[in-house]
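In full-length UniProt numbering, the protein residues as written are 1 to 138.
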């Protein structure tokens, strides 16, 4: 938590009770990706005077400070996750929406790097869609 708060401070953001509560939700959550609505629904029990726009603005500030990452999946909804500095991708079930993390990255393959030696990637996002074991269609 301290590392994340320091990252916010270094980027010019104050550590407010709402930002701390949002960080705690990420840290305590079993899910890797959360929507602003899911975070709002969890935080409202502790801070009944908070509104959705406050949660959204704080998530945007945390995104700018690189504390959280924002993903826009095929369903058009923005999802957020803590940026823990570990490169990974997401496996997303088309049936139930379950998300798993994989550390495998095809862009690190030597063949990709050789083919694109005139390009230096600095970031990328890759979501792999399919069916989890529970929902498997085949």
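Using N, Cα and C, we set each Cβ at its ideal position, and we do this for glycine too.
What does a CB cutoff of less than 7 Å around residue i pick up in its chain, not counting 5 residues either side in sequence?
{"i": "residue 54", "result": "18"}
{"i": "residue 121", "result": "107"}
{"i": "residue 46", "result": "21"}
{"i": "residue 95", "result": "131 and 135"}
Might you give, ordered along the chain, the residues of its own chain that have their beta carbon closer than 6 Å to the beta carbon of residue i, omitting 5 neighbours on each side?
{"i": "residue 132", "result": "93 and 98"}
What are the residues that DSSP puts in a beta bridge with residue i?
{"i": "residue 12", "result": "BP columns for residue 12 are empty, so no partner."}
Verify whether the separation of the beta carbon atoms of residue i and residue j is less than 7 Å.
{"i": "residue 81", "j": "residue 32", "result": "yes"}
{"i": "residue 56", "j": "residue 36", "result": "yes"}
{"i": "residue 91", "j": "residue 128", "result": "yes"}
{"i": "residue 88", "j": "residue 103", "result": "yes"}
{"i": "residue 68", "j": "residue 7", "result": "no"}
>> For the region 38-46 against the region 7-24, do three or more pairs of beta-carbon atoms, one drawn from each stretch, fall closer than 8 Å, so that the two count as touching?
In response: yes
> Can you list the beta strand (DSSP E) stretches of 3 or more residues lying completely in the region 15-88, in chain order?
Replying inline: 68-72 and 78-82
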